[in-house]
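As structure tokens, the structure follows; a few thoughts come after it.
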Amino acid sequence: MKTEQSGLFFSRAKKVIPGGVNSPVRACKSVGCDPLFIQSANGCMVTDVDGNSYIDFVGSWGPMILGHAHPDVIEAISNVAQRGTSFGAPTPLEIELAELVCDSVPSLEKVRFVSSGTEATMSAVRLARGYTGRNMVVKFDGCYHGHADSFLVKAGSGIITLGIPGSPGVPEDIVKNTLSIPYNNIDELEKTLRARTTDIACVIVEPVAGNMGVVVPEIDFLQTLRALTAELGIILIFDEVITGFRLALGGAQERFGIMPDLTCLGKIIGGGLPVGAYGGKQEIMDQVAPDGPVYQAGTLSGNPLAMAAGLAMLKVVRRPNFYAELEEKSDWFAGKLARLAENADVPTVLNRIGSMMTCFFTDAPVRDFTTAMKADTELYGRHFRQMLAGGVWLAPSQFEAAFISAAHDRTCMKKALTEIESSFKKISA
Ligand code: KE4
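Quick note: the sequence shown uses the working numbering, first residue 1, plus one each step.
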């Protein structure tokens, strides 16, 4: 596999961009290779600058649920771009997308658009603090909510991928207000919330964790979390940046039937353009400026191109049977993968819900950060490189999710499964 052009671009990039990338996990440091630079993508395929094409299971880390370059999304962006790209003033497109998002996500009465998932979660936590007058935030080990200071405590995604404990530059004064406790541990949750009730503004949770690899909540974890936060007057924030419009039209809260007080969204709602959003009960959202005192702002919030892309994306996922068809193909693929994992010559455990999944290289169930961290990341690196050589693009980290899109068909999924079977054999040798 030729990678000369990617190599040249990487050398050039490192001269002007830290690590040669604009987001650390793209550097492929944990999987023992240099990043490939992408030229184009279409459907379930991405093509690098050396002309190599790959079946894509990263999906831009979640947004590309339709597959790449969906014609409706491209047409919507092109049409709106002809009329200008940003006005710094409200547009009808923002209302249309807000109405569609609120109509789709069960707990949303009002929503505010921002430009990233980090902005969404950061703003939701500020709102919870402003609304309750309390300062403490409870999160869960291995969950990742973006790179705002409050969240860089035992976080997932790039933080565990790079094995960094947190981050320099985050003042002790900030992190002292963040409590991180084990995911799926009801006893610890109840003990923490009851012990610090009057200090805790909110609990923020990935209702399905995607950033320590996929970890599904155990049956009563989310129900207990909702009951306890309601009883104790603590704001419950569902970080659905990954699960929103992924696990169902209404995200994890629809799939599990649990209503948070605030929801954070991102990725899919921008159709591949920079959009985040936070929303929830009108009573809470009306505390946000300019109506309320909780300040949050953004030059490009509600950007017309991003709104158009998000609208085009949501109109497709709202079509009848979209999620039923995505579930069916994901079921088929995960069933085949589970059998390969069971018969693999290497210890593997598959965690999967809907169209998101992670194959952990470990021999014990993965139910939280501690068990996820037992995975053999060196073996995952060998698997990643083997799959890349076979024309399959996986997340360059054991602690991320693989995604199936509407563009993945039986042909490409069968090819990927063949490569997976071959890789399991080769890496165990
Ligand atoms: P962004 O600021 O990256 O748009 O979103 C932050 C975020 C918030 N909440 C959840 C549950 C998330 O998964 C993310 C970002 N996800 C990672 C990958 N899992 C983004 C990839 C990257 O950092 O490059």
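Built from N, CA and C at the ideal position, the CB exists for glycine as well.
(request) Quick one: residues in its chain with C-beta nearer than 7 Å to the C-beta of E99, no 5 flanking neighbours on either side, listed in chain order? (result) none
(message) Tell me whether the segment 202 to 211 and the segment 143 to 156 touch, counting them as touching only if at least three CB pairs, one residue from each stretch, are closer than 8 Å.
(response) yes
(message) Check this for me: beta carbons of F256 and L222, under 8 Å apart or not?
(response) yes
(request) Determine the extent of the beta strand (DSSP E) in which F399 is found, giving its start and end residues. (result) No residue range can be given for F399, since it is assigned to no beta strand (DSSP E) and is classified by DSSP as neither H nor E.
(request) Apply the 10 Å Cβ neighbour rule to K139 and answer buried if 16 or more other Cβ atoms are within range, or exposed otherwise. (result) buried
(request) Return the residue from the list G67, E109, G62 and V114 that minimises the CA-CA distance to L300. (result) Comparing Cα-Cα distances from L300 to each of G67, E109, G62 and V114, the minimum goes to V114.
(message) So if DSSP puts F238 in a beta bridge, which residue, or which two residues, is it bridged to?
(response) V205 and T263
(message) Is it the case that the segment 344 to 364 contacts the segment 321 to 330, given that we only count it when at least three CB pairs across the two stretches are under 8 Å?
(response) yes
(request) Could you pull out every residue in the same chain whose Cβ sits closer than 6 Å to the Cβ of A499, ignoring the five residues on either side in sequence? (result) In the structure displayed, the chain extends from 1 to 429; residue 499 sits before or after that span and is not available.
(request) To the nearest angstrom, report how far apart E109 and M285 are at their CA atoms. (result) 8 Å
(message) Considering Cα atoms alone, identify which of M413, F37, E240 and F9 is closest to P106.
(response) E240
(request) Inspect the CB distances between the segment 275 to 285 and the segment 250 to 265 and report whether three or more fall short of 8 Å. (result) yes
(request) Spatial neighbours of D376 within its chain, please: CB distance less than 7 Å, with the 5 preceding and 5 following residues excluded, ordered by chain position. (result) F361 and T362
(request) Can you tell me which of the three DSSP states D103 falls into? (result) helix
(request) Pick out whichever of M45, Q82 and R126 has its Cα sitting closest to the Cα of A289. (result) R126
(message) Does I17 pass the burial test, meaning 16 or more other C-beta atoms within 10 Å, or should it be called exposed?
(response) exposed
(request) Please go through the segment 37 to 88 and give each complete beta strand (DSSP E) segment of 3 or more residues, from N-terminal end onward. (result) 38 to 42, 45 to 48 and 53 to 56
(message) Can you confirm whether the segment 57 to 65 touches the segment 401 to 413 when touching is taken to mean that 3 or more C-beta pairs between the two stretches lie within less than 8 Å?
(response) yes
(request) Check each candidate in R129, I38, Q296 and K29 and name the one with the smallest Cα separation from L8. (result) I38
(request) Spatial neighbours of G381 within its chain, please: CB distance less than 7 Å, with the 5 preceding and 5 following residues excluded, ordered by chain position. (result) S30, V31 and G32
(message) Measuring alpha carbon to alpha carbon, tell me which residue in A372, I74, T418 and K415 is nearest Q398.
(response) A372
(message) Closer than 7 Å to a non-hydrogen atom of the ligand KE4 - does that hold for the CB of I200?
(response) no
(message) Rounding to the nearest angstrom, what Cα-Cα distance links T192 and M1 in this structure?
(response) 52 Å
(message) Can you tell me whether N343 is helix, strand or coil according to DSSP?
(response) helix
(request) Indicate the three-state DSSP secondary structure (helix, strand or coil) for G117 in the structure shown. (result) Reduced to three states, the DSSP call for G117 is helix.
(message) Can you tell me whether T411 is buried or exposed? The criterion is at least 16 other CB atoms within 10 Å of its CB, across all chains shown.
(response) exposed
(request) Kindly indicate which residue of M136, E283 and P24 has the alpha-carbon position closest to the one of G156. (result) P24
(message) What does the alpha-carbon distance come out to for the pair P171 and I160?
(response) 20 Å
(message) Run through the DSSP bridge pairs and tell me what A277 is partnered with.
(response) According to DSSP, A277 bridges with F113 and L265.
(request) Taking all protein chains shown into account, decide if D291 is buried (16 or more other Cβ within 10 angstroms of its Cβ) or exposed. (result) exposed
(request) Please name the residue, chosen from I74, E218 and Q5, that lies closest to Q82 on a Cα-to-Cα basis. (result) I74
(message) Nearest by alpha-carbon distance to Q463: which of K15, I95, Y131 and F87 is it?
(response) With the chain covering 1 to 429 only, the question about residue 463 has no answer from this structure.
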